[in-house]
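These protein sequences, in sequence, are chains A and B. Just so we're aligned: the first sequence equals residues 1 to 386 in this note's numbering. Just so we're aligned: the second sequence equals residues 1 to 386 in this note's numbering.
Number of protein chains: 2
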Amino acid sequence: MNSFRYYNPVRVYFGENAVSKLKRELPKYGEKVLLTYGGGSIKRNGIYDAVRQTLLEAGKKVFELSGIMPNPRTEKVYEGIEICKRERIDLILAVGGGSVIDCTKAIAIGSKTEKDFWDAFFVKHEKPTVALPFGVVLTVAATGSERDNIAVITNWAEKAKVAYGHELLYAQFAILDPTYTYSLPQEQLIYGSVDILSHVFEVYFSRDDKNNVSDDLAEAVMKNIMANLNVALENPRDYVARSNLMWDSSLAISGLLSLGKETDWQAHEIEHAMSALFDIPHGAGLAVVHPNYLQYICKKAPEKFARYAVNIWHISPAGKTTEKLALEGIEATRQYFRGIGAPTTLGEVGIQEADIERIAEKTLLVRGSYAQMNVDDIKKILKMCL
Amino acid sequence: MNSFRYYNPVRVYFGENAVSKLKRELPKYGEKVLLTYGGGSIKRNGIYDAVRQTLLEAGKKVFELSGIMPNPRTEKVYEGIEICKRERIDLILAVGGGSVIDCTKAIAIGSKTEKDFWDAFFVKHEKPTVALPFGVVLTVAATGSERDNIAVITNWAEKAKVAYGHELLYAQFAILDPTYTYSLPQEQLIYGSVDILSHVFEVYFSRDDKNNVSDDLAEAVMKNIMANLNVALENPRDYVARSNLMWDSSLAISGLLSLGKETDWQAHEIEHAMSALFDIPHGAGLAVVHPNYLQYICKKAPEKFARYAVNIWHISPAGKTTEKLALEGIEATRQYFRGIGAPTTLGEVGIQEADIERIAEKTLLVRGSYAQMNVDDIKKILKMCL
């Protein structure tokens, strides 16, 4: 197990009607609250009313930033920063999924500096010294942003989708009510679950691969995601399945599963380039890219991929080479994604062979763990996705 | 999954030479540090010198409270409180295992009140509003106290061993260096590992037993503990094994595995009565009591015990009733404890049949999960331990 640091102070309230716990948290902050949300689905399903009512009963003055889009963009962050500065906001309350939360995080650090938030943090990687506190009412199980300290923001003008992390980007509290996910479109259930699985892949398929409890935990979470997604696809209102998926999303990226591990994240970066250029759903892009990325690198760590095939997919190792077993596990993943209705080819998300060059050029090359990719590698991986 | 709250803000530094990270933490506190430790083994293995040196280099004025005993007692807490108040201590640094940490926690809340700490917190369950900050340099993988918010203190005059929990009992930081456990006596390795396993049992064998990722995580941790204990018994200086055991101890009781679960803790309470009366090592008492407690209650949840038998012990369910499978899993646990050299009968820890009455009368009856025990139940369980 490699050395590590771990710190995750997010206070979680989990369960049906967890929103009632908002009352405990609100007295800790001043009276001005900025409510941030997306396209308005929370107005249709009653969540908006429940939250707003609680804020008003707690004597808060409520401001709003709505219309936060998937792959949230810098313009929306600037809009939020402007409100926070002008109105001297005391607390931001994000009601939504990863996009709303990530936009909120960027506003939280951006509104406490005179500098341009994009340039200072997302380009120059400066460290904030102060941030507005923010809380989360989660409505989608997917990105895990409710319990990580990372914001992913898209600069549409520069066609750049960039991740930025800092301790000040941990939410003060996160309210997780599994019933809030009952009414999500099936597509979002599928893409969200792919995203959760993909987060686990990014840490599980990385060194150190020696006997490591983080890998044991990761396998437990992977199996739990798949078992419960199968149930939720059959019955979207299954509380147990929705509970597990919601907590899985938070476990997957809370830091817990990567302790003592290098982690990878190259597959995520390829997808970030895809959605920066084509604005496709993150989970859809991951379903296309991740199996192919794993197949491309699996020769570098065949034992780990073979372990995955056996422990997750119960593929019999009898009479197979480690390499063959490794490939069968990856193929099982691809077939699983296909089976739940996720795309597994670029064509299905509207990307053509001619676009590969541009995506590869745009992809941030990270250190990886088993292998360091170059632009040619990315092109080859994307060709495998055709 | 039941509703839950989760909050664990302990900042962890894990790995060989993690003590070097103490330098990052010390500037956050005033100059007066109370170093708390046990019988002096840290002086023999160099840990004391390393920590003291770091404190002095950081310009701290160091006070000491040494001689904290296993099953730490109220007298030692009073001694620490007296120093903290008299010297206006700014930070307590616990260097040791669960006993040192628990004593430190009690000092942390006790030194910020004019009330008697035992009476206010451990008897009347009042809530502290402020505590002295404290950090931990861990030397034993066992109780998990480095990352939980609970202190267990023994009042020898009243023959009472009582647990008290509050958010202010979370350490500010915990330094976990697996190499610090290399030189522990084998007995402490065994008892510590039994304690970790027992913590997992207390949460795993409890409702809600429906499909629940917390149970999946618990199974991963149990298997990891046993695999790595086997290695560490063979080679006490195996870094990978020691790393896993150290992090397992922290995972087991950090709150993570009990999320969405009722938890039980009756077996721990029986052991608390045993060591309050006979001052036996906590892990030794648990090895005796826990398998018998599980056997006593297993009829209330045979499916869960059968799952345990299959998933942890790989016992074949073929041709067996659920009840038989359940009992075989428990027997495997008992045999495992015996195999690693832990006691499994009261006689082995010096307790006689004639003592059972007193232990049972002394045992705190908690709510349990599968069943509510009464004094007669406790007596029956203790008779099974003969």
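For every residue, glycine included, the Cβ atom is placed at its ideal position computed from N, Cα and C.
Residue from the options whose Cα sits closest to the Cα of residue i
{"i": "B:Val-100", "options": "B:Glu-114, B:Ala-131, B:Gly-67 and B:Arg-86", "result": "B:Gly-67"}
{"i": "B:Ala-141", "options": "B:Glu-269, B:Ala-232 and B:Ile-270", "result": "B:Ala-232"}
{"i": "A:Arg-242", "options": "A:Met-226, A:Met-373, A:Thr-181 and A:Ala-273", "result": "A:Thr-181"}
{"i": "A:Ala-174", "options": "A:Tyr-164, A:Gln-352 and A:Thr-139", "result": "A:Thr-139"}
{"i": "A:Ala-301", "options": "A:Glu-271, A:Ala-371 and A:Asn-212", "result": "A:Ala-371"}
{"i": "B:Glu-331", "options": "B:Gly-350, B:Leu-346, B:Val-310 and B:Ile-351", "result": "B:Val-310"}
{"i": "B:Thr-179", "options": "B:Lys-380, B:Asn-17 and B:Leu-364", "result": "B:Asn-17"}
{"i": "B:Glu-126", "options": "B:Gly-110, B:Tyr-6, B:Tyr-296 and B:Thr-321", "result": "B:Gly-110"}
{"i": "A:Leu-132", "options": "A:Glu-114, A:Leu-169 and A:Ile-150", "result": "A:Leu-169"}
{"i": "B:Val-51", "options": "B:Gly-135, B:Lys-112 and B:Tyr-78", "result": "B:Gly-135"}
{"i": "A:Arg-358", "options": "A:Thr-345, A:Gly-368, A:Ile-378 and A:Ala-342", "result": "A:Ile-378"}
{"i": "B:Ile-280", "options": "B:Thr-345, B:Glu-303, B:Gly-350 and B:Ala-342", "result": "B:Gly-350"}
{"i": "A:Met-69", "options": "A:Val-95, A:Glu-271 and A:Tyr-204", "result": "A:Val-95"}
{"i": "A:Tyr-204", "options": "A:His-290, A:Gly-319, A:Phe-278 and A:Arg-24", "result": "A:His-290"}
{"i": "A:Gln-172", "options": "A:Lys-304, A:Arg-24 and A:Asp-116", "result": "A:Arg-24"}
{"i": "A:Pro-236", "options": "A:Glu-271, A:Ala-284, A:Glu-187 and A:Ala-276", "result": "A:Glu-187"}
{"i": "B:Asn-292", "options": "B:Thr-143, B:Val-240 and B:Ile-270", "result": "B:Ile-270"}
{"i": "B:Val-123", "options": "B:Ile-153, B:Leu-346 and B:Pro-343", "result": "B:Ile-153"}
Chain-ordered neighbours of residue i on chain B, where CB pairs are closer than 9 Å
{"i": "A:Asp-248", "result": "Val-213"}
{"i": "A:Arg-11", "result": "Arg-5, Tyr-6, Tyr-7 and Pro-9"}
Rounded straight-line distance, which links the Cα of residue j to that of residue i
{"i": "B:Cys-84", "j": "B:Thr-36", "result": "11 Å"}
{"i": "B:Gly-80", "j": "B:Glu-167", "result": "20 Å"}
{"i": "B:Lys-223", "j": "B:Ile-312", "result": "6 Å"}
{"i": "A:Val-137", "j": "B:Glu-234", "result": "49 Å"}
{"i": "B:Tyr-308", "j": "B:Leu-229", "result": "19 Å"}
{"i": "A:Pro-185", "j": "A:Gly-255", "result": "28 Å"}
{"i": "A:Tyr-250", "j": "B:Asp-376", "result": "Looking at the sequence itself, residue 250 of chain A is Ser, so the reference to Tyr does not match. When rounded, the distance between both Cα atoms is 43 Å."}
{"i": "B:Trp-265", "j": "A:Asn-8", "result": "26 Å"}
{"i": "B:Val-288", "j": "B:Glu-75", "result": "29 Å"}
{"i": "A:Lys-380", "j": "A:Leu-259", "result": "31 Å"}
{"i": "B:Leu-408", "j": "B:Tyr-296", "result": "Because residue 408 of chain B is not part of the residues shown, which for chain B are 1 to 386, the question remains open."}
{"i": "B:Lys-21", "j": "B:Arg-11", "result": "11 Å"}
{"i": "A:Leu-93", "j": "A:Gly-30", "result": "13 Å"}
{"i": "A:Asn-374", "j": "B:Ile-225", "result": "40 Å"}
{"i": "A:Glu-353", "j": "A:Ile-190", "result": "25 Å"}
{"i": "A:Gly-98", "j": "A:Phe-337", "result": "21 Å"}
{"i": "B:Gly-59", "j": "B:Gly-39", "result": "26 Å"}
{"i": "A:Ala-276", "j": "A:Lys-161", "result": "5 Å"}
{"i": "A:Lys-32", "j": "A:Cys-103", "result": "19 Å"}
Beta-carbon proximity of residue i to residue j, cut-off 8 Å
{"i": "B:Pro-317", "j": "B:Ala-326", "result": "no"}
{"i": "A:Lys-159", "j": "A:Lys-362", "result": "yes"}
{"i": "A:His-282", "j": "A:Asp-148", "result": "no"}
{"i": "A:Ser-145", "j": "A:Leu-286", "result": "no"}
{"i": "A:Phe-63", "j": "A:Trp-247", "result": "no"}
{"i": "B:Leu-34", "j": "B:Ile-89", "result": "yes"}
{"i": "A:Ala-220", "j": "B:Asp-216", "result": "yes"}
{"i": "A:Ala-360", "j": "A:Leu-386", "result": "no"}
{"i": "A:Asp-208", "j": "A:Asn-45", "result": "no"}
{"i": "A:Asn-71", "j": "A:Trp-118", "result": "no"}
{"i": "B:Ala-252", "j": "B:Val-200", "result": "yes"}
{"i": "A:Ser-369", "j": "A:Thr-263", "result": "yes"}
{"i": "A:Leu-257", "j": "A:Ala-227", "result": "no"}
Amino acids of chain A, ordered along the chain, whose beta-carbon sits closer than 7 Å to that of residue i
{"i": "B:Val-240", "result": "Met-1, Lys-210 and Asn-211"}
{"i": "B:Asn-45", "result": "Those within 7 Å of B:Asn-45 in chain A number zero; the least Cβ separation is about 20 Å."}
Neighbour list for residue i in chain B, Cβ cutoff strictly below 8 Å
{"i": "A:Lys-223", "result": "Asp-216"}
{"i": "A:Ala-220", "result": "Val-213, Asp-216, Leu-217, Glu-219 and Ala-220"}
{"i": "A:Ala-18", "result": "Ser-3"}
{"i": "A:Asn-244", "result": "Met-1, Asn-211, Asn-212 and Val-213"}
Cross-chain neighbours of residue i in chain A, by beta carbon under 8 Å
{"i": "B:Ala-227", "result": "Asn-211"}
{"i": "B:Phe-63", "result": "Correct list: empty, because the minimum Cβ distance to chain A is about 28 Å."}
Chain-ordered neighbours of residue i on chain A, where CB pairs are closer than 9 Å
{"i": "B:Ala-120", "result": "Chain A residues near B:Ala-120: none, gap ~24 Å exceeds 9 Å."}
{"i": "B:Gly-192", "result": "In chain order: nothing, as chain A lies at least about 16 Å away."}
{"i": "B:Leu-259", "result": "Val-12, Phe-14 and Trp-247"}
{"i": "B:Leu-251", "result": "Val-213, Leu-217 and Leu-256"}
heavy atom of the ligand MN below 7 Å from residue i C-beta
{"i": "B:Ser-193", "result": "Ligands are entirely absent from the displayed structure, and the ligand MN is therefore not among its contents."}
Legend entry - 3 or more residues per run - each beta strand (DSSP E) lying fully within the region 160–193 of chain B: 160–165 and 173–176
Legend entry - Whole runs of the beta strand (DSSP E) within the region 106–165 of chain A, excluding any shorter than 3 residues: 134–138, 150–155 and 160–165, all fully within the region 106–165 of chain A.
Legend entry - Ranges of the alpha helix (DSSP H) found wholly within the region 204–262 of chain A, counting only runs of at least 4: 213–234 and 239–252
Inset, instruction - Could you name each continuous alpha helix (DSSP H) segment of 4 residues or more that falls completely within the region 22–105 of chain A, going from the start of the chain to the end? - result: 22–25, 41–44, 47–57 and 74–87
Inset, instruction - Could I get the ranges of all uninterrupted alpha helix (DSSP H) runs contained in the region 311–378 of chain A, with 4 residues as the minimum, in chain order? - result: With a minimum length of 4 residues, the continuous alpha helix (DSSP H) runs that stay inside the region 311–378 of chain A are 322–339 and 356–362.
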